Amino acid sequence: MGSSNTAPTPTGSSNKPIRLAILETDVPLPSVDAKYHGYHGVFKSMFERALSPTPLDSVLSLTQHNVLNGDTTSYPPLDSIDAILITGSRHNAFGDDDWITTLVEYTRKCLSCSPPVRVVGVCFGHQIVGRALGALVDRSDKGWEVSVTEMRTSQKGVEIFGKETLKLQQMHRDQVFSLPAGAELLAETDICANQGFLIPGKVITVQGHPEFTSYIMNELLESRKAQGLFTPEIFESGMERNVDDQDGLVVARGFVKFLQEQ
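Numbering follows full-length UniProt numbering, in which position 124 of the sequence shown is assigned residue number 124; successive positions increment by one, without gaps.
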């Protein structure tokens with residue numbers, strides 16, 4: 001893979017859109033939900049902007065699946081899709097709620113198919129993939145990592161994203177503490193040593209939120225401050241760094257290139 005500074009175009013012999021199922025693992029804040037209609041809409045907007053001027057539906061065919069109720073009928077049949085994207089969530093990926101363990105098992109089934117259903121994991125989704133592949137996922141004693149944060153990319157990360165550093169929105173205090181077998185690290189920060197990983201042809205994940213705009217982050221920071229989750233210092237630092245100058249669309253293009261690889 002080369003630089004991700006330009007929008008990918010469809011590849012392969014058929015040029016059919018990639019069937020990507022968005023597995024929603026949370027509901028956005030009311031103000032965000034009213035604008036985007038679920039996290040499916042948030043990711044749709046991200047991919048539209050990342051691929052422009054190429055039309056989204058010529059590259060990706062997105063479907064929406066809310067998996068919060070744990071009902072297995074919410075999940076798409078594996079033979080009906082090419083890939084899944086597991087969204088972020090306020091919930092704990094290391095929890096044992098029925099819907100979380102069902103999601104972990106479905107992720108394993110995706111990766112054990114032949115050929116595998118490819119998996120993209122974002123934040124909570126990154127952690128779910130780590131758990132499904134046997135990595136340790138838990139609460140970090142380093143606390144919250146929020147708002148636009150600069151990450152150091154690995155050699156593999158530079159190959160995929162085309163940049164030696166990436167600025168990405170963050171909203172987490174849980175982490176994946178080890179790399180799954182066969183995975184390559186993509187990026188790191190001082191607070192979080194595993195900011196994403198790749199298993200070629202199977203998995204790509206990021207701990208950050210390429211789909212978040214400054215508007216979405218502002219709403220989250222205000223909401224979590226009101227809930228008492230953030231100290232004034234965390235809130236103020238997050239607000240100061242919440243700018244539109246970040247690399248979410250670069251990461252989104254990296255996702256598309258991963259999905260298009262033969």
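Just so it is clear, CB atoms sit at the ideal spot from N, CA and C, and this is done for glycine as well.
Quick caveat: nothing in here was measured; it's all calculated off a predicted structure.
According to DSSP, residues forming a beta bridge with residue i
| i | result |
| --- | --- |
| PHE124 | Answer is none; PHE124 lacks a bridge partner. |
| ARG139 | ASP174 |
| ARG118 | ALA83 |
| ASN92 | Answer is none; ASN92 lacks a bridge partner. |
| ASN69 | None, per the DSSP bridge assignment. |
Among the options, nearest to residue i - alpha-carbon criterion
| i | options | result |
| --- | --- | --- |
| LYS167 | GLN175, VAL146, TYR39, ASP174 | VAL146 |
| ALA21 | MET171, TYR75, ALA181 | TYR75 |
| SER114 | SER214, GLY201, GLU261, PRO210 | GLY201 |
| PHE255 | SER89, ILE128, VAL119, GLY70 | VAL119 |
| LYS142 | GLY121, VAL148, ARG173 | ARG173 |
| THR73 | ASN92, SER237, GLY41, TYR106 | TYR106 |
| LEU198 | SER58, GLN64, VAL129, VAL250 | VAL129 |
| GLU261 | SER214, GLY238, ILE204, HIS65 | ILE204 |
| VAL59 | ASP82, ASP245, GLY182 | ASP82 |
| ALA187 | ILE160, ALA181, GLU211 | ILE160 |
| TRP99 | THR213, CYS123, VAL67, LEU229 | VAL67 |
| ILE86 | HIS65, ALA226, LEU78 | HIS65 |
| GLU211 | GLY248, ARG241, SER223, SER154 | GLY248 |
| LEU229 | LYS16, ARG90, LEU56 | ARG90 |
As assigned by DSSP and simplified to three states, the class of residue i
| i | result |
| --- | --- |
| ARG19 | strand |
| SER112 | helix |
| ALA252 | helix |
| GLU261 | coil |
| SER4 | Low local confidence applies: a pLDDT of 40 at SER4 is under 50, so the model's placement there is unreliable, with the coordinate-based value given in what follows. Three-state result, SER4: coil. |
| LEU221 | helix |
| ARG131 | helix |
| VAL104 | helix |
| SER13 | The predicted position of SER13 is uncertain, since its pLDDT is 36 and thus under 50; a value taken from the coordinates is nonetheless stated next. If DSSP states are grouped into helix, strand and coil, SER13 belongs with coil. |
| VAL32 | helix |
| GLY228 | coil |
Residue range of the unbroken alpha helix (DSSP H) whose run includes residue i
| i | result |
| --- | --- |
| ILE84 | First-last for ILE84: 83-86, but that is the beta strand (DSSP E), not the alpha helix (DSSP H). |
| PRO232 | 232-241 |
Residue i beta carbon near the ligand ATP (any heavy atom closer than 6 Å)
| i | result |
| --- | --- |
| VAL137 | Ligands displayed in this structure: none; no statement on the ligand ATP is therefore possible. |
Return the chain-ordered ranges of every beta strand (DSSP E) run that is complete within the segment 138-218 and spans a minimum of 3 residues.
Fully enclosed beta strand (DSSP E) runs of 3 or longer: 145-153, 165-172, 174-176, 197-199, 203-206.
Whole alpha helix (DSSP H) runs in the segment 35-64 with 4 or more residues, listed along the chain?
For the segment 35-64, whole alpha helix (DSSP H) runs of length 4 or above, ordered along the chain, are 39-51.
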